[in-house]
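Single-structure report; data block below.
Residue numbers (mature numbering (1 follows the signal peptide of the UniProt record, and there is no 0)): -22 to -1, 1 to 349.
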């Protein structure tokens, strides 16, 4: 596994919003992780810093909490549930994709697991809403967004107003009451959905980013027929990104990744600018799912070194976890428990590397994460 050598210098004020960062400019570069160096791999093949421990919580095709865990686990999120919490995970396989949930007790033990979405296609990433639903996104031609219930009470609902395209991820901006969407195409777009009523996704306006971020234009037909002009080609001025992936909103900035050119982008909602936090010229490989906790960003790799990396507000990028012996897999679904002490994620194909995702493994890392 090769180490990171550098990240191209960029303004940290772009990468991390807020009064402090709007005044500061520094370089983002490889450095010492705030958690220290990675140790030797444990029994599960996880290399972690001192003070952190890991465990396997689910394996594809095996029982967990009364249900069989799905193949090819992908995007995920955590939701508070009384004294415990729930981790939701998508399944990126055709026809039977969907999503499942694991309910944890306050002590971290598994209470039960259950399906929350079935019969859908290639459910890749998604996003949590402020009203505690999970948006499960189909990464397929004319894919849909499904709004699901992590608690397993309400039936999932398709949300066609959010567009029919090769969806990847979604990130809610409660300040502006919009949802940002990425598209996994080599000429994909970055979208913004404004619900007619915040909290009700049955109707609304879908727009596409144009130019440098100062202009959004409405998509004329969010649900085009098969032979009609698709969403990413309906607005001539639309800005295109090479393989949109993960998406995360925090403190006025929406971060999203593009695998085709290995970039991490930041859309600053106040300044209305789009800037590359990482421009792909370094050794950060396979940028994919992205999440955050208290100002830090955590970027998972699709292949590459099979690491999750932290990017800190003071401009340091460093691995905080590495999976050994899984070079043919990808890390998916990073999400923190509500109290920030546990990080969940999956290896989509595990040690087998089977393309059908039959070797998928879902993990938990516990430790002194910065909160």
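C-beta: ideal position from N, C-alpha, C; glycine also. Since we're looking at a predicted model, the values are computed, not measured.
Check                                                                                                               : Outcome
Opposing strand residues paired with residue 151 [DSSP bridges]                                                     : 156
C-beta contact flag for residue 315 and residue 65 at 9 angstroms                                                   : yes
Where residue 91 sits in the DSSP three-state scheme                                                                : strand
DSSP beta-bridge partners of residue 295                                                                            : 8 and 289
Buried or exposed (CB count within 10 angstroms, at least 16 for buried), residue 44                                : exposed
Selected residue, minimal CA-CA separation from residue 225, among 158, 209 and 178                                 : 158
Selected residue, minimal CA-CA separation from residue 35, among 46, 26, 28 and 27                                 : 46
Backbone CA spacing between residue 264 and residue 327 [nearest angstrom]                                          : 15 angstroms
Cutoff 6 angstroms; reference residue 209; Cβ partners in own chain excluding five residues on either side          : 141, 143 and 197
Cβ pair count under 8 angstroms reaching 3, the region 79 to 91 against the region 118 to 125                       : no
Segment limits, beta strand (DSSP E) that includes residue 167                                                      : Premise fails: residue 167 is in no beta strand (DSSP E) and is neither H nor E.
C-beta atoms of residue 31 and residue 296 nearer than 9 angstroms                                                  : no
Given residue 201 as reference, the closest of 166, 23 and 212 once Cα atoms are compared                           : 212
Cβ shell of residue 227 (< 7 angstroms), same chain only, five flanking positions each side left out                : 149, 150, 151 and 158
Inter-residue spacing [alpha-carbon to alpha-carbon] between residue 253 and residue 218                            : 14 angstroms
Environment of residue 81 [buried if 16+ CB atoms lie within 10 Å]                                                  : buried
Cβ neighbour criterion (16 or more within 10 Å) applied to residue -10                                              : Annotation note: pLDDT 36 at residue -10 (below 50); position unreliable, coordinate value reported separately. Result: buried.
Cβ neighbours of residue 345 in the same chain (closer than 6 angstroms, five flanking residues each side left out) : 29 and 30
Where residue 209 sits in the DSSP three-state scheme                                                               : helix
Alpha carbon of residue 39 to alpha carbon of residue 48, nearest angstrom                                          : 6 angstroms
Among 237, 282, 156 and 188, nearest to residue 163 - alpha-carbon criterion                                        : 237
Residues that DSSP places opposite residue 24 in a beta bridge                                                      : 301
Residue 247 and residue 190 closer than 9 angstroms at C-beta                                                       : no
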